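J.:
Protein chains: 2
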Amino acid sequence: MAHDEGLVCFALSFDYGQRHRHELDAARRVAEVVGVEQHIVMPIDLRAFGGSALTADIEVPKGRGVGEMSAGIPVTYVPARNMIFLSFACAHAEVVGAREVIAGVNAVDYSGYPDCRPEFIEAFERAANLATKAGVEGRGVRVRTPLIRMTKAEIIRRGVGLGMDYALTHSCYDPDETGAACGACDSCAIRRRGFEDAGVPDPTRYAP
Amino acid sequence: MAHDEGLVCFALSFDYGQRHRHELDAARRVAEVVGVEQHIVMPIDLRAFGGSALTADIEVPKGRGVGEMSAGIPVTYVPARNMIFLSFACAHAEVVGAREVIAGVNAVDYSGYPDCRPEFIEAFERAANLATKAGVEGRGVRVRTPLIRMTKAEIIRRGVGLGMDYALTHSCYDPDETGAACGACDSCAIRRRGFEDAGVPDPTRYAP
Numbered sequence: 001m002a003h004d005e006g007l008v009c010f011a012l013s014f015d016y017g018q019r020h021r022h023e024l025d026a027a028r029r030v031a032e033v034v035g036v037e038q039h040i041v042m043p044i045d046l047r048a049f050g051g052s053a054l055t056a057d058i059e060v061p062k063g064r065g066v067g068e069m070s071a072g073i074p075v076t077y078v079p080a081r082n083m084i085f086l087s088f089a090c091a092h093a094e095v096v097g098a099r100e101v102i103a104g105v106n107a108v109d110y111s112g113y114p115d116c117r118p119e120f121i122e123a124f125e126r127a128a129n130l131a132t133k134a135g136v137e138g139r140g141v142r143v144r145t146p147l148i149r150m151t152k153a154e155i156i157r158r159g160v161g162l163g164m165d166y167a168l169t170h171s172c173y174d175p176d177e178t179g180a181a182c183g184a185c186d187s188c189a190i191r192r193r194g195f196e197d198a199g200v201p202d203p204t205r206y207a208p
Numbered sequence: 209m210a211h212d213e214g215l216v217c218f219a220l221s222f223d224y225g226q227r228h229r230h231e232l233d234a235a236r237r238v239a240e241v242v243g244v245e246q247h248i249v250m251p252i253d254l255r256a257f258g259g260s261a262l263t264a265d266i267e268v269p270k271g272r273g274v275g276e277m278s279a280g281i282p283v284t285y286v287p288a289r290n291m292i293f294l295s296f297a298c299a300h301a302e303v304v305g306a307r308e309v310i311a312g313v314n315a316v317d318y319s320g321y322p323d324c325r326p327e328f329i330e331a332f333e334r335a336a337n338l339a340t341k342a343g344v345e346g347r348g349v350r351v352r353t354p355l356i357r358m359t360k361a362e363i364i365r366r367g368v369g370l371g372m373d374y375a376l377t378h379s380c381y382d383p384d385e386t387g388a389a390c391g392a393c394d395s396c397a398i399r400r401r402g403f404e405d406a407g408v409p410d411p412t413r414y415a416p
């Protein structure tokens, strides 16, 4: 979407100790297909802290229907993760002279992650403009989250309209060693329902 | 100061690609002498972004008097550094169940760093409470900066009163390979003036 607006894009991904590398491979593929100016994969070790099913030996829930996910913050919540990611992104933006940080967080569709809510993003943007030279010297940094209020179905339709091949992308929390999606974790269930609701054939490769 | 309040302290330092390791050695010494519960040194690679005299091949200014430092943001400013550090600290606090994050930032004494100002800390605390499970579920996280409005002389006097041996500590931006302070960078000049103003003998080991 940023590329479609004509923006010069610098992509930033995080190798943060998540359960698998397949999402980073997917990020590299997408960055290459879109044609970003630069793609940095920043290593940060959130396993040193733990506290999440994504960064510690806590089991990822499987087989829950989309309707069963709504209560509370999921075990896949990673403490302060999006705040850490956005802070790095603001640092990077400042160094390359970018005026916008764009993050793909999504508040709807049963997510339950506090750091995906618009009120957090707004508070973070305010803090970022007080923390940085870009903010103090007037240019400022804008934190945009164009997907935040869209449903998964709307996101999928929008992507398809922009020519995105979703076979390149990855959502599963617990893929097999080939990168095939488990089809049973919350992220798979939400993604699959998104394709159904959008009326778009699901190109995801699921494990047998 | 936190330890003197009777708090159980978890220390967190960052190996962020700074110019030297001596400040990390000093942090380890101080953590050990104080007797913290745990000291994590988190590796993060801010050199991947650059943009500062502390993380890129930009020269550290030398030989400026304390009075010459007041204008603008110094080249030793590291983009968004304190926001990144505090975000990690909030993640760590949440995992260990700590209710306070305490940072040693200092707004006075000619610093010019936007991310050392009280207005940033307040905005950050607000964002952190919206981003985290701790914030959402009511316990909350408080971000304290007990040194923020103190002069260097006051900080030194306070530390001496608590029995801190400042020979264990490190401030210099550009020490020699033995860790001896250069005596000429802004940080050395401010530190030296602090000891003078406090009327405390300066135990810093300066390079010949």
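Same order as they appear, the protein sequences are chains V and Y. At position 178 of the first sequence (counting the first as 1) the number is 178 in my numbering, and the numbers step up by one without a gap. Plus 208 on top of the position in the second sequence (first one is 1) and you've got my numbering. For glycine and all other residues, C-beta sits at the position ideal for the given N, C-alpha and C. None of the values given here were measured: they were computed from a predicted structure.
Among the candidates Y:G305, Y:P287 and Y:D323, whose CA atom is the shortest distance from the CA of Y:D253?
T.: Among Y:G305, Y:P287 and Y:D323, the Cα nearest to that of Y:D253 is on Y:P287.
J.: Output, in chain order, the set of chain C residues within a Cβ distance shorter than 8 Å of V:P114.
T.: No chain C appears in this structure, whose protein chains are V and Y.
J.: Which parts of the region 302-356 of chain Y are runs of the beta strand (DSSP E), unbroken and 3 residues or longer, counting only runs that do not cross its ends?
T.: 308-310 and 350-352
J.: Name the DSSP bridge partner or partners of Y:I248?
T.: Y:L220
J.: Which value, in whole angstroms, describes the spacing of the CA atoms of V:D4 and V:V36?
T.: 12 Å
J.: With DSSP as the reference, identify every bridge partner of V:C185, one or two as the case may be.
T.: V:K62
J.: For a contact meaning CB atoms closer than 9 Å, what does V:I40 contact in chain Y?
T.: A256 and F257
J.: Return the bridge partner residues of V:Y206 from the DSSP annotation.
T.: V:A181
J.: Using three-state DSSP, classify V:I73 as helix, strand or coil.
T.: coil
J.: Using a Cβ-Cβ cut-off of less than 9 Å, give me the residues of the region 80-95 of chain V that come near chain Y, in sequence order.
T.: A80, R81, N82, M83, I84, F85, L86, S87, F88, A89, C90, A91, H92, A93, E94 and V95
J.: Taking Y:E362 as part of the alpha helix (DSSP H), name the residues at either end of that continuous run.
T.: K360 to G369
J.: List the residues of chain Y whose Cβ lies closer than 9 Å to the Cβ of V:D45, in chain order.
T.: Within chain Y, the residues near V:D45 are M250, P251 and I252.
J.: Which term fits Y:G259, buried or exposed, when burial requires 16 or more other beta carbons within 10 angstroms of its beta carbon?
T.: buried
J.: Less than 9 Å between the C-beta atoms of Y:F296 and V:F14, yes or no?
T.: no
J.: Identify the contact partners of V:A11 in chain Y, using a Cβ-Cβ distance below 8 Å as the criterion.
T.: Result: empty, since nearest Cβ-Cβ is about 13 Å, beyond 8 Å.
J.: Can you confirm whether the region 328-335 of chain Y touches the region 126-139 of chain V when touching is taken to mean that 3 or more C-beta pairs between the two stretches lie within less than 8 Å?
T.: yes
J.: With a threshold of 9 Å between beta-carbons, can Y:A406 be considered close to chain V, or not?
T.: no
J.: Going by DSSP, what residue range makes up the alpha helix (DSSP H) through V:H22?
T.: Run containing V:H22: H22 to V34, per the alpha helix (DSSP H) assignment.
J.: Taking 9 Å as the threshold (C-beta atoms), are V:I84 and Y:I292 in contact?
T.: yes
J.: Would the beta-carbon of Y:T284 fall within 9 Å of that of Y:Y381?
T.: yes
J.: Closer than 9 Å, CB to CB, is Y:F403 near chain V or not?
T.: no
J.: DSSP state of V:C90, grouped into three classes?
T.: DSSP places V:C90 in helix when its eight states are reduced to three.
J.: Which residues in chain Y sit within 7 Å of V:I148, going by Cβ to Cβ distance?
T.: What V:I148 touches in chain Y: nothing, since even the nearest Cβ is about 14 Å away.
J.: For V:E196 and V:A189, I'd like the C-alpha separation in whole angstroms.
T.: Whole-angstrom Cα-Cα distance: 11 Å.
J.: Check the Cβ of Y:E327 against every Cβ in chain V and list those closer than 8 Å, keeping chain order.
T.: L130
J.: List, in chain order, every chain Y residue whose beta-carbon is nearer than 7 Å to that of V:I58.
T.: Here the premise fails: no neighbours, minimum Cβ distance about 12 Å.
J.: Got a sec: is the Cβ-Cβ distance from Y:I398 to anything in chain V below 9 Å?
T.: no
J.: Taking the straight line between their C-alpha atoms, what separation do you get for Y:S379 and Y:S395?
T.: 6 Å
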